[in-house]
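Engineer: Before I ask anything, here is the structure I am working with.
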Amino acid sequence: MDDVLLSAALAPFAGATGIPMRDVRRIFVFGPDTPARTKAVETLYGSIRKSARVMRLALKLAPFLRRKIGSFSGRLDTVSEKGIPGFERGTYYVVLAEKKGFPPVGKQSLAHAMQNMWLAAADRGLGFQLVSATGIMSKDRVFMELLGLPCGKYDLDGCLIGYPENDPPARESGELRDIVTWVDDFKKNEKGN
0 MDDVLLSAAL
10 APFAGATGIP
20 MRDVRRIFVF
30 GPDTPARTKA
40 VETLYGSIRK
50 SARVMRLALK
60 LAPFLRRKIG
70 SFSGRLDTVS
80 EKGIPGFERG
90 TYYVVLAEKK
100 GFPPVGKQSL
110 AHAMQNMWLA
120 AADRGLGFQL
130 VSATGIMSKD
140 RVFMELLGLP
150 CGKYDLDGCL
160 IGYPENDPPA
170 RESGELRDIV
180 TWVDDFKKNE
190 KGN
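Below you can see the structure in the form of structure tokens.
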């Protein structure tokens with residue numbers, strides 16, 4: 000775990016202007032079966048349930064939003080009912096915090112750190128699962144008190160790291176041409192050819 004966490008610390012960060020990393024990025028590790036972990040999970044699920052209720056209400060009041068937020072609302076409902084897979088098992092819940100500043104690049108910095116941890120975990124045979132709902136917790140007083148950080152001053156992201164119980168299902172491989180556009184001739188692309 001130290002190697003995986005170090006990879007997050009070494010990722011590019013918004014404080015490259017000379018601010019000490021400790022003042023910019025913080026890493027919090029919740030071990031399995033600890034009171035702090037239980038409180039963090041309860042608080043996270045409370046926020047997810049609240050967000051799911053807000054989404055359902057928004058869809059009732061404005062059904063035209065169904066195309067835009069219907070899929071996300073369904074995912075929130077599923078997580079509200081069934082939880083986040085792997086959260087209750089013997090994994091570490093890692094929360095990364097990046098201090099907000101100008102320009103607002105905390106989320107990009109967190110993405111670099113999460114990617115580094117994912118690669119380091121995979122290299123060591125560990126499973127890695129994003130817990131992107133962690134991002135909504137930056138304004139939650141109870142959650143931020145667990146981290147010892149002020150509300151609203153940090154961007155957050157989170158993941159689970161541990162030994163996987165089984166291999167994840169294979170991802171459907173799409174055609175590269177469906178998502179890649181080679182932009183090599185401006186005039187040709189401008190004409191739509």
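Residue numbers (numbering that gives the first Met the number 0): 0 to 192. Glycine included, each C-beta is placed from N, C-alpha and C at the ideal position. Owing to the predicted nature of the structure, the values given are computational and were not obtained by experimental measurement.
1. I'd like the span of the alpha helix (DSSP H) that includes Leu125, first residue to last.
2. Taking 6 Å as the limit between beta carbons, can you name the residues of its chain near Gly157, skipping five residues before and five after?
3. In the DSSP assignment, what are the bridge partners of Ala96?
4. Compare the beta carbon distance of Ala25 and Ala96 with 8 Å and say whether it is the shorter of the two.
5. Tell me, to the nearest whole angstrom, how far the beta carbon of Ala8 is from that of Met20; I am working on the premise that it is less than 8 Å.
6. Spell out whether any CB of chain C is found under 8 Å from the CB atom of Ala7.
7. Would you mind stating whether Ser72 and Leu58 have Cβ atoms separated by less than 8 Å?
8. Going by other Cβ atoms of all chains shown within 10 Å of its Cβ, with 16 needed for buried, is Trp181 buried or exposed?
9. If you drop the 5 nearest sequence neighbours on each side, which residues of the same chain put their C-beta closer than 8 Å to that of Arg48?
10. With distances taken from CA atoms, which of Phe142, Asn165, Pro163 is nearest Asp154?
11. Can you check DSSP and say which residues form a bridge with Ile160?
12. Contact check, Leu125 vs Ile178 under 8 Å by CB: the rounded distance?
13. Determine the DSSP secondary structure at Met0, reduced to helix, strand or coil.
14. Ignore the nearest five residues each way along the sequence and tell me which others in Tyr91's own chain have a CB closer than 8 Å to its CB.
15. To which residues of the same chain is Leu149 closer than 8 Å at the C-beta, ignoring the five residues directly before and after it?
16. Taking the CB atoms as reference points, tell me whether Asp139 and Ser46 lie closer together than 8 Å.
Structural biologist: On the basis of the coordinates in this document:
1. For Leu125, there is no enclosing alpha helix (DSSP H), as DSSP marks it with neither H nor E.
2. If we look at Gly157 and ignore the five residues flanking it on each side, its Cβ neighbours are Val94, Val130, Thr133.
3. Ala96 is bridged to Arg25, Leu155.
4. Going by the sequence as given, residue 25 is Arg instead of Ala. Yes, Cβ-Cβ distance for Arg25 and Ala96 is below 8 Å.
5. The Cβ separation is near 7 Å, so the contact holds.
6. Judged by its chain identifiers, the structure shown contains no chain C, having just a single protein chain.
7. Judged by beta-carbon spacing, Leu58 lies within the 8 Å limit of Ser72, meaning their Cβ atoms are closer than that value.
8. Within 10 angstroms of the beta-carbon of Trp181 lie fewer than 16 other beta-carbons, which makes it exposed.
9. The beta carbon of Arg48 is closer than 8 Å to those of Ser79 in its chain, skipping five residues each way along the sequence.
10. The shortest C-alpha separation from Asp154 is found at Phe142.
11. Ile160 pairs with Tyr91, Phe127.
12. The Cβ separation is near 29 Å, so there is no contact.
13. Residue state, collapsed to three classes: coil.
14. Residues Met0, Val28, Phe29, Gly30, Pro31, Leu159, Ile160, Gly161 of the same chain have their beta carbon placed closer than 8 Å to that of Tyr91, with the five preceding and five following residues left out of the count.
15. The question names Leu, but residue 149 is Pro in the sequence shown. The answer, listed in chain order, is Met143.
16. Yes. Within cutoff.
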